[in-house]
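According to UniProt numbering, the stretch in the sequence shown is residues 1 to 594, in order.
For reference, the structure is listed below as structure tokens.
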Amino acid sequence: MFWRSVVVKLWFTILFLVCFVLFILTVLLLEFFQNYHILEAERHLLQTADKISDVVDRYEDDEELMLSTTALVKDSASRAVIVRGSEDLLVPENDSSSLPELSYSWFERDEELSAVLEEGADVKKVANLTSGENGIMVVGTPLNHNSGAVFVYQSLDTIEETSEQTTKIIFLGAGIAIVLTTIFAFFLSTRITAPLIKMREGALELAKGEFNTKIPIRTHDEIGELAMAFNRMGRELKFHINALNQEKEQLSGILSSMADGVITFNRQGDVLISNPPAQHYLEAYEFERYSVSSQSGRPALPEPLEELFNSVIHDEKESMVEMTLQGRSWVIIMTPLYDREQVRGAVAVLRDMTEERRLNKLRKDFIANVSHELRTPISMLQGYSEAIVDDIAESKEDKNELAQIIHDESLRIGRLVNELLDLARMEAGHIQLSTEPVEIQSFMNKIIRKFSGIANEKEVDLELRIDSGFDLLHFDPDRIEQVFTNLIDNAIRHSNQGSAVKVIIEKGQKEWVASVKDSGFGIKEEDLPFVFERFYKADKSRKRENKNYKKGTGLGLAIAKNIVEAHEGSISVHSKLQEGTTFTFKIPFASTEK
């Protein structure tokens, strides 16, 4: 983590560049100063040799004065040798004991130095003495008028000591430069990276959804402009995120309020989005897939949808299918969704066509149903009244029997008309509810006792189950009793001998749920959408053998539906032939407590 820091990278980069430049400069300076010291030493020795040569020319006759003057002219660190012949070798006094005394033969053996004696040329040379002794630098210059030469030499240790002092000064300067560069590089790096660290912290805050985060602008250079751009980016992100959230909420509201079902799939066929109508379709498929008595298992994608989805993904074009599920007609249109050029999924629109067909059927059947329901009692009234008028009934008992029939049929017509009027008022919203707190256990026991005789007569087991936790519920007891009466009466009438009718009261999160289940004949799938319509009769194709049952008008379920909806509830039915029927209605707690 330390080596990944920008501060460290900048610090080491600047330090490396400075150290590299200092290294090259130090090498060049050391080479330069070493050559410079050698040249300076040679020049100094040559000047000394020239001066000694002038002294020898001036004091040639006074040898003692010449040697003493020579000793004063030369440097104490050097030694001079005056050669005036093969045997005449003069050596002034010297304070340096580290320099050896050189003989004439040593100068004569050296080719370069002997050239001074023979040719009279100036010579500069670095010579190595015998092993174990340091090298020396020798300078020779010829005498002006006499044959001979002056040789001045000194030890190389003096030159090396000067070079070492120069090297120390150079290394000290390089060390100071490196320390100053390190401090400057660290300071510069922190000045550059401090705003970057702030930006990194701001970016992490943005990733968490804190779009109000702002980076302080301390400079007006490129970093300051970057901070300004970062703050502008945060504002733009906040604006666009808010816009996306608003569009998402708007889309969610549109989907929830749509009458058509909408389901969105990804490319693997998983459901991503579905609205309430689509959920109703999926729930109906689950009921169709599993039996009434054993609903279990994991929800699966309906086969028609799966086949349509595979076709749309493979062919990459819109497809449509029409199907019937639980008596409701659905038209499904599926369209592929594209991610640029590739198909990323599909969207299906499910339209429930049952209502349109129901309205068409109602329009055609209403007059026929009313005519059919009124024709029989009117015909009986007409026939029996004519029998009385024509004195066909001779005895008083026969006339009373005919009059009773006329009375019953008139009551039937009156009941039909009253139910039609009640239904019309309910559908117009004029129903008046008298809600009050009702103790549900005693209320349901009274209803069960009312049907116990009919259930025992038909050998049907009538069961009641109420979840614990119920105490008082608020509803219109007369209207809800009418609903239970209709549902339980239908369940008993359409059950086989030895079967059971179950009345279940359950408590939901925001509503109480009542179910009436039977295991009787069931309702045909094509009739399920119309069971709550006027004049629908589940037993219209069967004859009643028990004369105690009064003929129904076919309006009971329609009235029950309007009563439940007046309580702001809902009622539904699921059924399978020869397996049974389940009527369920739900009433919210809040609506009944108003």
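Glycine included, each C-beta is placed from N, C-alpha and C at the ideal position.
It should be emphasised that the depicted structure is a prediction, and the values quoted were computed from it without experimental measurement.
Three-way DSSP call (helix, strand, coil) for residue i in this model
i, result
"P92", "coil"
"F211", "coil"
"P588", "strand"
"I159", "helix"
"T435", "coil"
"Y59", "coil"
"R328", "strand"
"K547", "Since pLDDT at K547 reaches only 42, below the 50 mark, its modelled position is unreliable, and the value read off the structure follows with that caveat. It is coil, neither helix nor strand."
"P216", "coil"
"K317", "coil"
"A77", "coil"
"E322", "strand"
"V531", "coil"
"H304", "The identity of residue 304 in the sequence shown is Pro, whereas the question assumes His. Helix."
"K399", "helix"
"I571", "strand"
"D518", "strand"
"E579", "coil"
Between the CA atoms of residue j and residue i - distance to the nearest angstrom
i, j, result
"F583", "K517", "7 Å"
"L46", "R79", "12 Å"
"I241", "R465", "52 Å"
"K208", "I254", "29 Å"
"P277", "I492", "32 Å"
"R358", "N212", "56 Å"
"G345", "N310", "10 Å"
"E318", "L301", "19 Å"
"I176", "S76", "36 Å"
"L325", "L381", "44 Å"
"V138", "V18", "41 Å"
"A49", "A41", "12 Å"
"T141", "V152", "9 Å"
"E63", "R43", "27 Å"
"N462", "Y338", "Correcting the residue type first, residue 462 is Leu in the shown sequence and not Asn. If I take the Cα positions, the gap works out to 57 Å."
"S442", "D471", "10 Å"
"E316", "Q268", "15 Å"
"E307", "M334", "11 Å"
"L555", "D489", "13 Å"
Sequence-distant residues of its chain with Cβ nearer than 6 Å to residue i (five each side left out)
i, result
"R542", "Note that R542 scores a pLDDT of 37, beneath 50, so its modelled location is shaky; the value from the coordinates is reported in the next line. Result list for R542: empty, nothing under 6 Å."
"V150", "A49, I52, S53, I82, T141"
"K561", "F532, I571"
"E160", "none"
"A71", "P92, E93"
Own chain residues within Cβ distance below 8 Å of residue i, not counting five before or after
i, result
"P304", "V321, M323, I332"
"L237", "L206, F211"
"H280", "G261"
"D408", "none"
Chain-order list of residues whose beta-carbon lies under 7 Å from that of residue i (same chain, five-residue window excluded)
i, result
"Y285", "P302, L325"
"G498", "E459"
"E526", "G327"
"N231", "K214, I215"
"P529", "G327, R328, T354, R358"
Problem - Contiguous alpha helix (DSSP H) assignments of at least 4 residues, all confined to the stretch 449-480 - result: none
Handout entry: At least three beta-carbon pairs within less than 8 Å, the stretch 161-169 to the stretch 61-69
Key = no
Exercise for the section: Report yes or no: do the stretch 213-220 and the stretch 193-202 share at least 3 C-beta pairs separated by less than 8 Å? Expected result: yes
Exercise for the section: Count the CB pairs spanning the stretch 398-406 and the stretch 437-453 that are closer than 8 Å, and state whether there are at least three. Expected result: no
Problem - Touching by the beta-carbon criterion (3+ pairs, under 8 Å), the stretch 518-535 and the stretch 449-457 - result: no
Practice task
Let me know the beta strand (DSSP E) ranges lying completely inside the stretch 338-367, each 3 residues or longer, listed in chain order.
Solution key: 342-352
Handout entry: Contact between the stretch 348-358 and the stretch 327-339 (3+ Cβ pairs under 8 Å)
Key = yes
Exercise for the section: Please list the segments of the beta strand (DSSP E) lying wholly inside the stretch 226-289, counting only runs of 3 or more residues, in order along the chain. Expected result: 261-266, 271-274
Problem - Three CB pairs or more closer than 8 Å across the stretch 572-579 and the stretch 496-516 - result: no
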